[in-house]
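Residue numbers (the working numbering): 91 to 806. Don't be surprised by glycine CBs; every beta carbon is placed ideally from N, CA and C. For reference, the structure discussed in these notes is given below.
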């Protein structure tokens, strides 16, 4: 069990550059008075100052999380094996490929070892570049080899500093998005400060460095910033083409670095679809965004050796369906309210049916079953029937895949973020409903339009997209805690935009019959500045205390196990055990594994379920036969799993195995009526008694307080 312990002593105001401000001087005859030279100079100064602040905050956030990582583990002082153990579960697996590429005799041999890998899954040769999103590790290892930095920087530091550097990109992208939405860089400053002060809920990079989302989310933030700029009106053709190129590159990099990219972009495509149906976005730009999503994903598919899971993704089916349906229904946006609503319902049904048909057809052709566990999990999670499926229950019982805890909102509220976010969300939702109703009612109703504009502001396309984006990703976060980082970071952007938006304050003041241009400008700047002062005064001392708290990595049992494996087993030995532990075994020792935590493969899921029979109620002969079928030489049993208490009854790993095997669970409590007692005791408990039926197959060769290693006999 890994822990951390205390270290032992001794060891201004600015104008929008692209959006006119409210206080334009107007002569009695209607002509605008302006000072082009002064306005341009002020705009350049504003952009320069705002840019410097953005870069400074990005670097500050990067240094902040890097310092927390160092202080928490004393990373610079611990041994290499301890550093590697600190990369937990799948993080260790991904980092092992970076290490493998660094240690290879040449780049060509390193790539060959990944394409024809026979150490990640015993008795199988798999293509790592096809199965996993590890191109970032490949690129980084090549960069480390060709740059003259080996004498000054260890490979592990080059890796983690790159990830911490991406946090700077992430914060800058959030800052720029908020700036573009509100027209003032003060909004970006507030968004970045909220992101940093709500670090517990906005990022986990400091303790899960190699996790795929830590690579991907900065590129996703860049993509959102580019889309926000693209949705502005009156862009020059050259600006539009350049922005589309940035969107494509960011989309491609996001897709390349995270296996769950297709599901995130499907939600984004749904946001575009909703807004396009309600005539709140320009259709031509939406079409380009659909095409960019498809082309970016297909390019990743090619780089991943035509990964079938990508080809069978719902995103590709949905985007093609939308484009086909729009071609069929050309007059979708013409007619009165009832006519438009009827066409809209038919359009939605057509897109839904086409998506399911295309997706079903592709999966049938490709015989695709790699993602079936995700749909089983979703079906069980949302109450469409109970399941005994081991894989689905494995996800359901993990806290990360459960509902978002309520204490998240209390933490977000302590910085005022959630209060501001909720207020802005309600206000803009009402505005969006009114604008959508007006669009669907027909643009020829001039009187209605003038009446509504007396009380509302027109919702700009970029603000409309941000609104639907945050609502959809909020629903995802509420249903699945692990996905909250996609929502909370954008929450910072959305709340700061609302607080610094002239349109929002104008709407509020008009509703209160207090509107003047001067009051709008005063509130637009004074409220965010007061909020920033509050955040600084309340949270600066806590941040300083956090940065001064020094701890040390401490996991002697795992270190002892890894050192024993390296010293006492052959390099070709095959190890079986839990997915999480085996990722560390591969990274620290280079030994061959029977299974691992990258779960997006049906054969691997079946293999893992079989290997986990070591924690079920099975006979020693059955377990031995299963392990030997995968070429196992050693099996590692963990007391923390065998006698697990972290989960409640029904969610312990041994309970999931018992139910999947049709056996009643241990302990007091109800069992389903068709479950029966097992004929055998639990393997992981009984093997420790050294009974003859066990010792004829298994010999204990290592043990400590946490782990027991058994060597398998090689019967003829």
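Alpha helix (DSSP H) segment containing residue i, residue limits
i           : result
residue 623 : 607 to 638
residue 336 : 327 to 347
residue 202 : 197 to 205
residue 238 : Residue 238 -> no alpha helix (DSSP H), and no H or E assigned at all.
residue 657 : 646 to 658
residue 530 : 507 to 531
residue 459 : Here residue 459 belongs to no alpha helix (DSSP H), and DSSP marks it neither H nor E.
residue 367 : 351 to 367
residue 403 : Counting along the chain, residue 403 falls outside any alpha helix (DSSP H), and DSSP gives it neither H nor E.
residue 254 : 245 to 272
residue 499 : 497 to 504
Three-way DSSP call (helix, strand, coil) for residue i in this model
i           : result
residue 770 : coil
residue 395 : coil
residue 727 : strand
residue 743 : helix
residue 796 : coil
residue 801 : strand
residue 681 : coil
residue 762 : coil
residue 664 : strand
residue 641 : strand
residue 448 : helix
residue 559 : helix
residue 384 : helix
residue 216 : strand
residue 737 : coil
residue 437 : helix
Beta-carbon gap between residue i and residue j smaller than 9 Å
i           : j           : result
residue 646 : residue 669 : no
residue 244 : residue 159 : no
residue 654 : residue 792 : yes
residue 796 : residue 648 : yes
residue 175 : residue 678 : yes
residue 236 : residue 299 : no
residue 421 : residue 383 : no
residue 333 : residue 325 : yes
residue 430 : residue 530 : yes
residue 272 : residue 579 : no
residue 716 : residue 726 : no
residue 699 : residue 459 : no
residue 365 : residue 618 : no
residue 247 : residue 148 : no
residue 285 : residue 227 : no
residue 549 : residue 522 : yes
residue 697 : residue 773 : no
The beta strand (DSSP E) enclosing residue i, as first and last residue numbers
i           : result
residue 793 : 788 to 793
residue 696 : Run containing residue 696: none in the beta strand (DSSP E); it sits in the alpha helix (DSSP H), 692 to 701.
residue 718 : That residue, residue 718, is in no beta strand (DSSP E); its alpha helix (DSSP H) goes 710 to 719.
residue 705 : Counting along the chain, residue 705 falls outside any beta strand (DSSP E), and DSSP gives it neither H nor E.
residue 322 : From DSSP, residue 322 is part of no beta strand (DSSP E); its letter is neither H nor E.
Backbone CA spacing between residue i and residue j [nearest angstrom]
i           : j           : result
residue 631 : residue 505 : 14 Å
residue 634 : residue 279 : 20 Å
residue 413 : residue 577 : 28 Å
residue 572 : residue 294 : 10 Å
residue 356 : residue 305 : 19 Å
residue 616 : residue 433 : 46 Å
residue 656 : residue 790 : 17 Å
residue 263 : residue 664 : 45 Å
residue 564 : residue 427 : 30 Å
residue 788 : residue 661 : 20 Å
residue 814 : residue 203 : With the chain running from 91 to 806 in the structure shown, residue 814 is simply not present.
residue 731 : residue 270 : 50 Å
residue 555 : residue 379 : 12 Å
residue 309 : residue 390 : 15 Å
residue 287 : residue 606 : 34 Å
residue 114 : residue 558 : Bear in mind that a pLDDT of 40 at residue 114, under 50, signals an unreliable position, so the number given afterwards is only what the model happens to contain. Straight-line Cα distance between these residues: approximately 31 Å.
residue 750 : residue 705 : 12 Å
residue 329 : residue 372 : 16 Å
residue 566 : residue 574 : 8 Å
residue 442 : residue 307 : 28 Å
Heavy atom of the ligand MN within 8 Å of residue i beta-carbon
i           : result
residue 283 : Absence of the ligand MN is noted for the structure shown, with no ligands found whatsoever.
Legend entry - Inside the region 137 to 205 only - alpha helix (DSSP H) runs reaching at least 4 residues: 170 to 175, 179 to 193 and 197 to 205
Legend entry - Completely contained alpha helix (DSSP H) runs for the region 562 to 600, where each covers 4 or more residues: 574 to 590
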